[in-house]
């Protein structure tokens, strides 16, 4: 174990120790929250730290430590200033670590907290609810994946593709407005009923700064274009994740700017013609059955399918499926066990591009990632989660050496 990794592990253990001390005393945070809630202020602090090792295959055999700090402030403007139905959200994000996905060679990634070493203002928006909360309007720095392409069932998994599909996450010049870089957005949401809603959002087409990933960069340029995303959801009347819960979603997206096609043309006047970049996804999840007399313990499953334009994207298709079981082991009622598969499809245009360039890489059609994970709920605010991922045909490897990655995640939530 390197000294750098050792000190990072010590930092994580120190955070856990301090958190347990504060919880045992039950003084500081409770007093602060109780006093400021009267003014409409809510504060959350989340820490996630993990050690992942590439045990076999991939590009490099290496262990790496990643961590993620979230500090979130919600200000209810009605309680603070009498502005009915309005809130302001401020989300500060800090990340440390290294290029885990490059070591493992997976285009889909391995960890959903992998990012550049930096602190930034991640989200900052105002949201206004109207017409008895049927209509919601939001303006500001906004994470698309906080509302679009989400599933409760897949949220346990650490692989990024189970948060937002790879065919969507890998689009654009700097990705869509998702972790770790967001952009300015205008979002409207309308609730037709408790079980049917529709969302539409317009985002700056290029989040952040292409030349500098550190800190918060808001650059609004006419040349950025826009990303327009929509989603319609059909849900169960009860939106608690328990017996009877289900959710079906259909999402679409497109960029107003045109992108170069991956394959050049024979026209010398226009060797790289441009075209639109668009896609759609379907998502479904359901709580299949619950244990006797316990509505929130049992088996749930999800499936997601997505497609993107094959002419401009390396990944033009994605398929994800998985199950999780809450309370599988007797006496461990809040533990969650999950098994999933994430499959990304390398487009025919990209595979032909590799051949045309004469590169020695072997690019298979599909990259598959199998994930087995178990989240232990140790305390109300503390979880530990071992995670095993097996990558077949990692798309960033020269010879597609299958990869085995193992990690353990620690989360502290307040």
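Numbering (the numbering used here), first residue to last: 38 to 451.
Here a beta-carbon is modelled for each residue, glycine too, at the ideal position from N, C-alpha and C.
From a predicted model like this one, the values you see are computed outputs, not experimental measurements.
Item checked: Whole-Å CB distance - residue 124 paired with residue 114, under 8 Å assumed -> 6 Å
Margin query: Whole angstroms are fine: how far does the CA of residue 139 sit from the CA of residue 435?
Written below: 12 Å
Next item on the list: Put residue 309 into one of helix, strand or coil per three-state DSSP.
Entry: coil
Notebook entry, point to check: Exposed or buried, which one is residue 351 when buried takes at least 16 other CB atoms within 10 Å?
Noted result: buried
Next item on the list: Reducing DSSP to helix, strand and coil, say where residue 180 ends up.
Entry: coil
Item checked: Backbone CA spacing between residue 322 and residue 279 [nearest angstrom] -> 12 Å
Next item on the list: With distances taken Cα to Cα, identify the nearest neighbour of residue 128 among 179, 297 and 98.
Entry: 179
Margin query: Can you list, in chain order, the residues of its chain with a C-beta nearer than 8 Å to that of residue 326? Leave out the 5 residues immediately preceding and following it.
Written below: 280, 335 and 336
Note to self: Considering only the alpha carbon of each residue, which of 430, 342 and 378 lies closest to residue 186?
What the structure shows: 342
Next item on the list: Run through the region 154 to 221 for me and flag every whole beta strand (DSSP E) of 3 or more residues, listed as ranges in chain order.
Entry: 155 to 167 and 172 to 179
Next item on the list: Measure the alpha-carbon distance for residue 294 versus residue 145 and round it to whole angstroms.
Entry: 24 Å
Next item on the list: Taking the CB atoms as reference points, tell me whether residue 148 and residue 217 lie closer together than 9 Å.
Entry: no
Next item on the list: Determine contact between the region 393 to 402 and the region 235 to 249, defined as no fewer than three beta-carbon pairs at a distance below 8 Å.
Entry: no
Check: In three-state DSSP terms, what is residue 390?
Finding: helix
Notebook entry, point to check: Helix, strand or coil for residue 385 per DSSP?
Noted result: helix
Next item on the list: Select from 333, 169 and 261 the residue whose C-alpha is nearest the C-alpha of residue 276.
Entry: 333
Check: Cβ-heavy atom distance between residue 173 and the ligand SAH below 8 Å?
Finding: Because no ligand of any kind appears in the structure shown, any question about the ligand SAH cannot be addressed here.
Notebook entry, point to check: Can you tell me the Cα-Cα spacing of residue 474 and residue 240, whole angstroms?
Noted result: As shown, the chain starts at 38 and ends at 451. That puts residue 474 outside it, with no answer to give.
Check: In its own chain, which residues sit with a C-beta less than 7 Å from the C-beta of residue 176, not counting the 5 before and 5 after it?
Finding: 162, 163 and 223
Next item on the list: Quick one: residues in its chain with C-beta nearer than 8 Å to the C-beta of residue 261, no 5 flanking neighbours on either side, listed in chain order?
Entry: 241, 242, 243 and 294
Next item on the list: Counting only the same chain and skipping the five closest in sequence on each side, list residues whose C-beta sits under 8 Å from that of residue 391.
Entry: 398 and 400
Notebook entry, point to check: Anyone know if the C-beta pair for residue 228 and residue 170 falls short of 9 Å?
Noted result: yes
Check: Which residues in the same chain have their Cβ closer than 6 Å to the Cβ of residue 282, if we skip the five residues on either side of it in sequence?
Finding: 273 and 324
Margin query: DSSP three-state label for residue 62, please.
Written below: In this predicted model, residue 62 has a pLDDT of only 47, less than 50, meaning its place in the structure is not dependable enough to derive any value.
Note to self: Rounded to the nearest angstrom, what separates residue 296 and residue 165 at their Cα positions?
What the structure shows: 35 Å
Next item on the list: Going by CA-CA distance only, name the one from 119, 86, 132 and 141 that's closest to residue 98.
Entry: 141
Next item on the list: Identify every run of the alpha helix (DSSP H) within the region 217 to 304, keeping only runs that are complete inside it and at least 4 residues long; order them along the chain.
Entry: none
Margin query: Whole angstroms are fine: how far does the CA of residue 77 sit from the CA of residue 431?
Written below: 48 Å
Checklist line | Residue range of the beta strand (DSSP E) that includes residue 355 | finding: 352 to 363
Note to self: Cutting at 6 Å between CB atoms, please list the residues of its own chain near residue 414, excluding the five before and the five after it.
What the structure shows: 371, 372 and 420
Checklist line | residue 412, enclosing beta strand (DSSP E) - first and last residue | finding: 403 to 416
Next item on the list: Apply the 10 Å Cβ neighbour rule to residue 311 and answer buried if 16 or more other Cβ atoms are within range, or exposed otherwise.
Entry: exposed
Check: Among 221, 250 and 90, which one has its Cα closest to the Cα of residue 258?
Finding: 221
Notebook entry, point to check: What number of angstroms, rounded off, separates the C-alpha of residue 88 from the C-alpha of residue 102?
Noted result: 5 Å
Check: Expressed to the nearest angstrom, what Euclidean distance is found between the alpha-carbon atoms of residue 442 and residue 133?
Finding: 19 Å
Margin query: If you measure between the beta carbons of residue 298 and residue 348, is that distance less than 9 Å?
Written below: yes
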